[in-house]
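Here's the structure, in structure tokens; my notes come after.
Number of protein chains: 2
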Amino acid sequence: MAKWSKFLSKDTTLLKTSEIRDLLKLTEGKNVISLAGGLPDPSTFPAEDIKNITDYVLQNYASRALQYSATAGIPELRKELVNLSSQRGITGINENNIFVTVGSQEALFMLFNIFVDPGDHVFVEMPSYLAALNILRARNPQFHGIPLTEKGPDLDKFEEELRRLKSEGKSPKLLYIIPTAQNPGGTTLDMEGRKRVLELASQYDFLIVEDDAYGFLVFEGESPAPIKALDKEGRVIYTGTFSKILAPGFRLGWIVADEEIIQNVELYKQNVDLHTPSFTQFIAAEAIKRNVIQNNIPRVRQLYREKRDVMLQAIEEYFPKDARWSKPVGGMFVFAWLPEKIDALNMLPKALERGVAYVPGSSFYYDYSGRNTMRLNFSFPPKEKLVEGIRILGQVIKEELA
Amino acid sequence: MAKWSKFLSKDTTLLKTSEIRDLLKLTEGKNVISLAGGLPDPSTFPAEDIKNITDYVLQNYASRALQYSATAGIPELRKELVNLSSQRGITGINENNIFVTVGSQEALFMLFNIFVDPGDHVFVEMPSYLAALNILRARNPQFHGIPLTEKGPDLDKFEEELRRLKSEGKSPKLLYIIPTAQNPGGTTLDMEGRKRVLELASQYDFLIVEDDAYGFLVFEGESPAPIKALDKEGRVIYTGTFSKILAPGFRLGWIVADEEIIQNVELYKQNVDLHTPSFTQFIAAEAIKRNVIQNNIPRVRQLYREKRDVMLQAIEEYFPKDARWSKPVGGMFVFAWLPEKIDALNMLPKALERGVAYVPGSSFYYDYSGRNTMRLNFSFPPKEKLVEGIRILGQVIKEELA
Chain X
1 MAKWSKFLSK DTTLLKTSEI RDLLKLTEGK NVISLAGGLP DPSTFPAEDI
51 KNITDYVLQN YASRALQYSA TAGIPELRKE LVNLSSQRGI TGINENNIFV
101 TVGSQEALFM LFNIFVDPGD HVFVEMPSYL AALNILRARN PQFHGIPLTE
151 KGPDLDKFEE ELRRLKSEGK SPKLLYIIPT AQNPGGTTLD MEGRKRVLEL
201 ASQYDFLIVE DDAYGFLVFE GESPAPIKAL DKEGRVIYTG TFSKILAPGF
251 RLGWIVADEE IIQNVELYKQ NVDLHTPSFT QFIAAEAIKR NVIQNNIPRV
301 RQLYREKRDV MLQAIEEYFP KDARWSKPVG GMFVFAWLPE KIDALNMLPK
351 ALERGVAYVP GSSFYYDYSG RNTMRLNFSF PPKEKLVEGI RILGQVIKEE
401 LA
Chain H
1 MAKWSKFLSK DTTLLKTSEI RDLLKLTEGK NVISLAGGLP DPSTFPAEDI
51 KNITDYVLQN YASRALQYSA TAGIPELRKE LVNLSSQRGI TGINENNIFV
101 TVGSQEALFM LFNIFVDPGD HVFVEMPSYL AALNILRARN PQFHGIPLTE
151 KGPDLDKFEE ELRRLKSEGK SPKLLYIIPT AQNPGGTTLD MEGRKRVLEL
201 ASQYDFLIVE DDAYGFLVFE GESPAPIKAL DKEGRVIYTG TFSKILAPGF
251 RLGWIVADEE IIQNVELYKQ NVDLHTPSFT QFIAAEAIKR NVIQNNIPRV
301 RQLYREKRDV MLQAIEEYFP KDARWSKPVG GMFVFAWLPE KIDALNMLPK
351 ALERGVAYVP GSSFYYDYSG RNTMRLNFSF PPKEKLVEGI RILGQVIKEE
401 LA
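Residue numbers (the UniProt record's numbering), protein chains in the order written: chain X, 1 to 402; chain H, 1 to 402.
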């Protein structure tokens, strides 16, 4: 970075590369079983339906699907997203509460830029979604971590920290939370907990950004309604994604929020990329309308439940007895807490050499703690590779402990 | 903005809405001839070719086209963009110099965020592309304007300002320039001028962001090679777009730059949206490979030349004699300088009432000067509407002068 680095803006120097992506690069072209990624199983893509829909869209809407469109999203998709939201229990909204984005990543990018100033007090779960943390890090806030228990974030500790802040005359700005099938922790917060989070937000006057990436991907028990479904004040900003229920290659996500907040997002998005691609929006709208997504979801859940079971069984067999790990009721990941002696980041090169990749858990902690943790993906690798990967990883861990 | 505005970040308060978009909203659903937009003629979209290609992509690449992909773009498209770039005279580059973005808008958004700090000295043409100016405004730089002559930016004035800055011990950071079929000015800088701009950049040590949105859309004479084609140092960052040569609804653009700069863009893009949609990238790569774009370009040029001629003839007939206007050799716009007495922004409501829309030229000046100017689009409206729109507008102007 020698030649042009003197021209870089100050913000750019705050950027952190996504460890997941750098890791994926490391294993490219090599014979490595990757438990590091976050890719859906491609067999879950309804390719044939998508082919029929694209033909239909180009036959009937070519002049609009290939043209510029509105910054907030095409009306057809916003309307269908009102319908899809109601299936997650979010009601009482209309098209003006919906905003279409380039993946939910762009939603988070815009929201954190719109609402977070340097030094602002921001709450995140420990661990939390790595790519969201990276956006936040670039905003240079004052982070506060909420430790994850087996039942979701520790709300007593959360409230304690809020009280402490208040006693110092400081105000919290925003909570970023993944209440359902948390990434990477695999936990789901119950309804009582969700109500309490919302009450705390109201009492201490902060915004909630609720990431519901896996809301449709709960494969055991019910998927609780999101916090947004309880929100009367417009304090909760909800983000959803098509990446897990249709196809990530479309890069389509959406925001559900108070109309005033949507207007700020619209203003910001005009600068970022004018609008989300029209073509794929028409496809997604039609996929909801034709129930392609709704019919696909049970298949995805079934497959991921099976793959989770395969991974959990292998972990049970091959991991050391004093390790702990999540038993996720949804999503695509198992999170493991290894004996304190293990440094998962330092151990990674050894694992890669032996042919297996994972994400060191410290990437998911805003302060890079959690050195003895790791995230393991079960959605992408074939079942036999899951077993083989965990077997090798178990060996590497045991050797490290010896 | 009453309820949640106290939560907005300081950056957000710098955001300006795109006047073009607000205007378009004003005319939605009304019987207004819009010369305000910047939309391609939908008859230029090769819809049938695109249908064949999407079928082919879903038949052969579904598992990749629907999956996550690399942040910099899929290898197939980066390779084809090396080929397409050579048709603009940019040679000696490889895939690592190419970066795929969500329209060239996202390219400009990322580049200005990566390189511009508040207070930095940034040079822009007067007038210049409105959406680029809006991104820059949000970065809060120190603007310096280069007046546009009939032959492009006034390079003597540019050099004079650079000298003045230097004498004050200050350094320029960046020049944003549209050398070919300038938007909105319609001018094209000749090769001699391009060489001089590059020499000044080298001498005074600043970066050039070269927007070549209309490079393939020159319909009279040759399209001069971009400044990037002359660049030996890697000082020029080139942006291109599929919006004018394939379909804006795909939201696909690209950057050609030094590999070091590409790496910074990659880091930034991971935060913004992880990557550009895979599906439309596969379509665009195939469209270049099959010469769909190359075969389409002559048709687009022919149509826009005809439409330009229709507009220019109508202006000649209906505008007051003391008005001046550009005779663009490419692109989609005519820019008009009206008698000083006219305030195009104030006049707009009257024009809308009479059934014709345009963009007041002041939006294209970083300092909102150029109050007597307007931008007129000829690519989208049908020919008879172009004549009718200009006829009405001529009347409104003459009444305003009376």
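Heads up, the beta-carbon is just placed ideally off N, CA and C, and yes, glycines get one too.
Taking just the CA atoms, how far does residue j sit from residue i?
| i | j | result |
| --- | --- | --- |
| X:Lys385 | H:Glu286 | 33 angstroms |
| X:Ser243 | X:Phe123 | 26 angstroms |
| H:Thr318 | H:Trp337 | Looking at the sequence shown, residue 318 of chain H is not Thr but Tyr. One C-alpha to the other measures close to 14 angstroms. |
| H:Val329 | H:Ile177 | 17 angstroms |
| X:Ala229 | H:Ala402 | 60 angstroms |
| H:Pro141 | H:Glu106 | 19 angstroms |
| X:Gln263 | X:Val387 | 48 angstroms |
| H:Lys341 | H:Lys398 | 11 angstroms |
| H:Glu220 | H:Ser43 | 21 angstroms |
| X:Gln270 | X:Thr71 | 7 angstroms |
| X:Gln302 | X:Gln294 | 14 angstroms |
| X:Leu77 | X:Ala284 | 7 angstroms |
| H:Phe216 | H:Trp4 | 45 angstroms |
| X:Lys157 | X:Asp41 | 37 angstroms |
| X:Phe206 | X:Arg235 | 8 angstroms |
| H:Val102 | X:Gly169 | 43 angstroms |
| X:Pro382 | X:Ser34 | 11 angstroms |
| H:Lys289 | X:Asp120 | 49 angstroms |
| H:Glu400 | H:Phe250 | 41 angstroms |
| H:Leu200 | H:Asp231 | 12 angstroms |
| X:Arg375 | H:Leu345 | 57 angstroms |
| residue 403 of chain X | X:Gly394 | Residue 403 of chain X falls outside the range modelled here, since chain X spans only 1 to 402, and no answer is possible. |
| X:Gly355 | X:Ser326 | 24 angstroms |
Does the distance from the C-beta atom of residue i to that of residue j stay below 8 angstroms?
| i | j | result |
| --- | --- | --- |
| H:Leu175 | H:Ile208 | yes |
| H:Glu233 | H:Ser202 | yes |
| H:Pro118 | H:Arg139 | yes |
| H:Ser363 | H:Arg371 | no |
| H:Thr188 | H:Gly152 | yes |
| H:Tyr68 | X:Pro46 | no |
| X:Ile392 | X:Met311 | no |
| H:Tyr204 | H:Pro172 | yes |
| H:Leu148 | H:Gly89 | no |
| H:Ala181 | H:Gly331 | yes |
| H:Ile227 | H:Ile261 | no |
| H:Thr13 | X:Thr280 | no |
| X:Asp49 | H:Lys51 | no |
Taking the beta carbon of residue i as the centre, do at least 16 other beta carbons fall within 10 Å, making it buried, or is it exposed?
| i | result |
| --- | --- |
| H:Met1 | Reliability fails at H:Met1, whose pLDDT of 43 lies under 50, so the model's placement of it is uncertain and the value that follows must be treated cautiously. With fewer than 16 other Cβ atoms within 10 Å, it is exposed. |
| X:Lys358 | Note that residue 358 of chain X corresponds to Tyr in the displayed sequence, not to Lys. X:Tyr358 should be labelled buried. |
| X:Ser278 | buried |
| residue 415 of chain X | Outside the displayed range of chain X (1 to 402) lies residue 415 of chain X, so it cannot be described from this structure. |
| X:Glu80 | buried |
| H:Glu266 | buried |
| X:Asn113 | buried |
| H:Glu125 | buried |
| H:Gln59 | exposed |
| H:Ala273 | Looking at the sequence shown, residue 273 of chain H is not Ala but Asp. Under this definition H:Asp273 is a buried residue. |
| X:Lys307 | buried |
| H:Tyr366 | buried |
Show which residues of chain C have a CB atom less than 7 angstroms away from the CB atom of residue i.
| i | result |
| --- | --- |
| X:Pro277 | Of the protein chains in this structure, namely X and H, none is chain C. |
Quiz prompt | Segments of 3+ residues assigned as beta strand (DSSP E) that fall wholly inside the stretch 238-324 of chain X | solution = List check, beta strand (DSSP E) in window: 253-256.
Exercise. Identify each residue in the stretch 241-264 of chain X for which the Cβ-Cβ distance to at least one residue of chain H is less than 7 angstroms, and report them in chain order.
Key: Taking 7 angstroms as the Cβ-Cβ cut-off, the stretch 241-264 of chain X approaches chain H at Ala247, Pro248, Gly249, Phe250, Arg251, Asp258, Glu260, Ile261 and Asn264, given in chain order.
Quiz item: Which full runs of the beta strand (DSSP E) of 3+ residues lie inside the stretch 110-134 of chain X, going along the chain?
Solution: Listed in chain order, they are 121-126.
Self-check item: Ordered list of alpha helix (DSSP H) runs contained in the stretch 339-366 of chain X, each at least 4 residues
Solution: Runs of the alpha helix (DSSP H) inside the stretch 339-366 of chain X: 344-354.
Quiz item: Which residues, in order along the stretch 27-44 of chain X, keep a beta-carbon less than 9 angstroms from a beta-carbon of chain H?
Solution: Cβ contacts with chain H: Gly37, Gly38, Leu39, Pro40, Pro42 and Ser43.
Quiz item: Quick one, which residues of the stretch 112-123 of chain H are near chain X if we go by CB-CB under 7 angstroms, in chain order?
Solution: Answer set for the stretch 112-123 of chain H: Asn113, Ile114, Phe115, Val116 and Asp117.
Self-check item: Contained alpha helix (DSSP H) runs [length at least 4] in the stretch 121-204 of chain X, N- to C-terminal order
Solution: Within the stretch 121-204 of chain X, the runs of alpha helix (DSSP H) that reach at least 4 residues and sit entirely inside it are, in chain order, 130-139, 155-167 and 191-204.
Exercise. Please name the residues in the stretch 72-105 of chain H whose beta-carbon is closer than 9 angstroms to at least one beta-carbon of chain X, in chain order.
Key: For the stretch 72-105 of chain H, the beta-carbon criterion of a distance under 9 angstroms to any beta-carbon of chain X is satisfied by Thr101, Val102, Gly103 and Gln105.
Quiz prompt | Selection of the stretch 60-71 of chain X by Cβ proximity to chain H, strictly under 8 angstroms | solution = Interface annotation for the stretch 60-71 of chain X against chain H: Ala62, Ser63, Arg64, Ala65, Leu66, Gln67, Tyr68, Ser69 and Thr71, criterion Cβ-Cβ distance under 8 angstroms.
Quiz item: Listed from N- to C-terminal order along the chain, which residues in the stretch 5-16 of chain X have their beta-carbon within a distance smaller than 7 angstroms of any beta-carbon of chain H?
Solution: Residues Phe7, Leu8, Ser9, Lys10, Asp11, Thr12 and Leu15.
Practice problem: Residues of the stretch 186-198 of chain H with a CB closer than 9 angstroms to any CB of chain X: list them in chain order, please. | Solution: Contact residues of the stretch 186-198 of chain H toward chain X are absent (C-beta to C-beta distance below 9 angstroms).
Exercise. Report the residues of the stretch 46-60 of chain X with a CB closer than 8 angstroms to any CB of chain H, ordered along the chain.
Key: So the close ones are Ala47, Ile50, Lys51, Thr54, Asp55, Leu58 and Gln59.
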